[in-house]
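Here it is as structure tokens:
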């Protein structure tokens, strides 16, 4: 069956450290993978997109890697800040008509 | 540019009652999505529209859920009758031109079914 797995356990890290979040998938062949941020009581906000032929993407303190052999994406936040505390969702672009399928999300808590 | 608008923000109903949610996407966005997000889970696609046509409604419980986007702009999602397990946040998202692949989400409607 198809699965998109993210760490269900919350991730707690110290301010200033690098946070690394994982997204693993099975039985998908995504054309691209996205990461979104979701704060309590709000809708998800798009952060980064990486396509199947790309290995790495960066935006300011954010970095995403995409390994289609391992079927895994890693999402890094460097020099983390308490304001980075939120739930982070990965989403796979799974076919035509701009359809994405979301993972369950990982809650990140950055401790001052 | 205005974002995706949704109303109401909160709704509490008794089981077996009906409820409707409204979404106004970003101007010019042809693709509109309705998602259901149960607490602690990721958004689950219910229905996807391209202009006023349905692209994907494979996960929409059609015996009780319906959605329309009559003029290819705003959309309504209805539940009739509601069940306890429908308690969730209902998110609307829109996407612009092909190739952008970025969804813009509204704030969601939190539904509680008692």
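Residue numbers (my numbering), protein chains in the order written: chain A, 853 to 964; chain B, 2 to 115. All C-beta atoms, glycine included, are put in the ideal place defined by N, C-alpha and C. This one's a predicted model, so the numbers in the text were calculated from it and none came from an experiment.
Could you tell me which of 895(A), 881(A), 946(A) sits nearest to residue 105(B), measuring between CA atoms?
For the residues 895(A), 881(A), 946(A), the minimum Cα distance to residue 105(B) belongs to 895(A).
Would you kindly report the start and end of the unbroken beta strand (DSSP E) that includes residue 54(B)?
Where residue 54(B) is concerned, the enclosing beta strand (DSSP E) stretches over 54-57.
Delimiting residues of the beta strand (DSSP E) encompassing residue 49(B):
In this chain, the beta strand (DSSP E) harbouring residue 49(B) covers 45-51.
Less than 7 Å between C-beta atoms, sequence neighbours within five positions excluded: which residues of the same chain meet that for residue 9(B)?
Result list for residue 9(B): 110, in chain order.
Cβ-based contacts, 7 Å cut-off: residues of the segment 911-945 of chain A near chain B:
So the close ones are 941, 945.
Measuring alpha carbon to alpha carbon, tell me which residue in 930(A), 922(A), 859(A) is nearest residue 879(A).
Minimum Cα distance to residue 879(A) is reached at 922(A).
Can you tell me the Cα-Cα spacing of residue 869(A) and residue 861(A), whole angstroms?
The C-alpha of residue 869(A) lies about 18 Å from the C-alpha of residue 861(A).
Neighbour flag for residue 40(B) against chain C, beta carbons, 7 Å
Absent from the structure: chain C. Protein chains present are A and B.
Using 10 angstroms around the beta-carbon of residue 11(B), count the other beta-carbons present and answer buried if the total reaches 16, otherwise exposed.
It is exposed - the Cβ of residue 11(B) has fewer than 16 other Cβ atoms within 10 Å.
I need the DSSP call for residue 1007(A), collapsed to helix, strand or coil.
Past the boundaries of the shown model lies residue 1007(A); chain A is included only from 853 to 964, so the question cannot be answered.
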